[in-house]
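Protein chains: 2
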Amino acid sequence: MRLFWRQGYEATALVDLLAATGLSKSSLYATFGGKRDLFLAALDAYREEQFGEFRTIVSRGTGRDALETYFRRIVARDRDPDYSFGCLAVCQLVEMAPRDADVRQRLLADVDSGVDAFAEVIARGQADGSIRNQRTPRQIATLFSVAFPGLQALVRAGADRAMLDEALTVLLSNLD
Amino acid sequence: MRLFWRQGYEATALVDLLAATGLSKSSLYATFGGKRDLFLAALDAYREEQFGEFRTIVSRGTGRDALETYFRRIVARDRDPDYSFGCLAVCQLVEMAPRDADVRQRLLADVDSGVDAFAEVIARGQADGSIRNQRTPRQIATLFSVAFPGLQALVRAGADRAMLDEALTVLLSNLD
Chain A
1 MRLFWRQGYE ATALVDLLAA TGLSKSSLYA TFGGKRDLFL AALDAYREEQ FGEFRTIVSR
61 GTGRDALETY FRRIVARDRD PDYSFGCLAV CQLVEMAPRD ADVRQRLLAD VDSGVDAFAE
121 VIARGQADGS IRNQRTPRQI ATLFSVAFPG LQALVRAGAD RAMLDEALTV LLSNLD
Chain B
1001 MRLFWRQGYE ATALVDLLAA TGLSKSSLYA TFGGKRDLFL AALDAYREEQ FGEFRTIVSR
1061 GTGRDALETY FRRIVARDRD PDYSFGCLAV CQLVEMAPRD ADVRQRLLAD VDSGVDAFAE
1121 VIARGQADGS IRNQRTPRQI ATLFSVAFPG LQALVRAGAD RAMLDEALTV LLSNLD
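Heads up: the protein sequence lines correspond to chains A and B, in order. Heads up: the first sequence begins at 1 in my numbering, then just goes up one per residue. Heads up: the second sequence begins at 1001 in my numbering, then just goes up one per residue.
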């Protein structure tokens, strides 16, 4: 998962996967069926991990605090060697989704689930009074769903943190 | 340029480039110095083309109309075979910027220029009365600079157009 996350699908050679997993070529094929199947398994593990992390983070505090914590964290950990690669799913929206229907189907389902998940937190914030914008939760959620991959791509490329922090301040003002 | 745009850097083989350019391997090496140099030349041609297009589009109408036209167009042409690949520069923020300093330096300079360019249009809109948000033009511009790669990544992956249109409506309401 970390290799595909850091390097992408095409740039990850079978020999890199053998070294990272400690498997022989025949064991890797017997266990995972090959590079693409291993990649799909890694992507699925990543998706599950990330949705779990999202649910844990947004379970705390007001709706507004929850969204702010989740988004600020993406930028705050841009120097953390484990997270400065951005988001594997966002990388794959760009790399494999256009040419692999199984990847595309998974990631577009995640985009939809993301809108639903953001909308749920926004509805909670409207109910607890922390979010005053009276558009529907789904409308507001679509903006966060577009900002999310933008932010992740910019973190991965190493964009200026002060600029990203400023962008988040304006993004979060959409909850006012 | 179109090959790298559609397929990315790693997935584009030398043989694809020979077929697309009609050059022999020795002519391609003599003219461009190899795959990576040809890629940098293609990326530079793309960057120049896109900034030129941006300047033409935003030269017309109020500041608000100009920004709206520019952003709506990204989503509106998502079924156009020439543009449904999203944006080469955004793809490369994800693919090569993390591991190629020459690509990173170019694209991060473009992110900065993008903030400046959006800020200039926003300042014009504040002056002509079409943009009422009284944050500084640069602050507002940072949100558009984060939304831009997000939108391009989602267009490339084939995300639902109604969702993207809704997100743009909320994004553009930041000019109110």
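The beta carbon of each residue, even a glycine, is placed where N, CA and C say it ideally should be.
{"query": "Beta-carbon contacts of D16(A) that lie in its chain and below 6 Å, excluding the five residues immediately before and after", "result": "L3"}
{"query": "Contained beta strand (DSSP E) runs [length at least 3] in the region 1072-1159 of chain B, N- to C-terminal order", "result": "none"}
{"query": "Limits of the unbroken alpha helix (DSSP H) element including T31(A)", "result": "K25 to F32"}
{"query": "Segment contact, 8 Å Cβ cut-off, at least three pairs: the region 30-42 of chain A with the region 71-86 of chain A", "result": "no"}
{"query": "Closer than 7 Å to chain B by CB, M163(A)", "result": "yes"}
{"query": "Best match in L1151(B), A1159(B), R1138(B) and L1067(B) for proximity to T169(A) [C-alpha to C-alpha]", "result": "R1138(B)"}
{"query": "CA-to-CA distance, A1030(B) to A162(A), given in whole angstroms", "result": "43 Å"}
{"query": "Range of the contiguous alpha helix (DSSP H) that encloses Y1046(B)", "result": "K1035 to V1058"}
{"query": "Which of helix, strand or coil DSSP assigns to M1(A)", "result": "coil"}
{"query": "Cβ of V1015(B) within 7 Å of any chain A Cβ", "result": "no"}
{"query": "Proximity of Q1050(B) and V1090(B) at Cβ, strictly below 7 Å", "result": "no"}
{"query": "Limits of the alpha helix (DSSP H) - the one that L175(A) falls within", "result": "Unbroken run through L175(A): none, as it is neither H nor E."}
{"query": "Local conformation of T1021(B) per DSSP, three classes", "result": "helix"}
{"query": "For Y1070(B), three-class secondary structure by DSSP", "result": "helix"}
{"query": "Where D80(A) falls, given that 16 or more other Cβ within 10 Å makes a residue buried", "result": "exposed"}
{"query": "Pairwise C-alpha distance: S24(A) and W1063(B)", "result": "With the sequence shown as reference, residue 1063(B) is identified as Gly, and Trp is not the correct amino acid for it. When rounded, the distance between both Cα atoms is 60 Å."}
{"query": "Neighbourhood of E10(A) by C-beta, 8 Å cutoff - its chain only, sequence neighbours within 5 removed", "result": "E95"}
{"query": "Whole-Å CB distance - V1121(B) paired with A1066(B), under 8 Å assumed", "result": "5 Å"}
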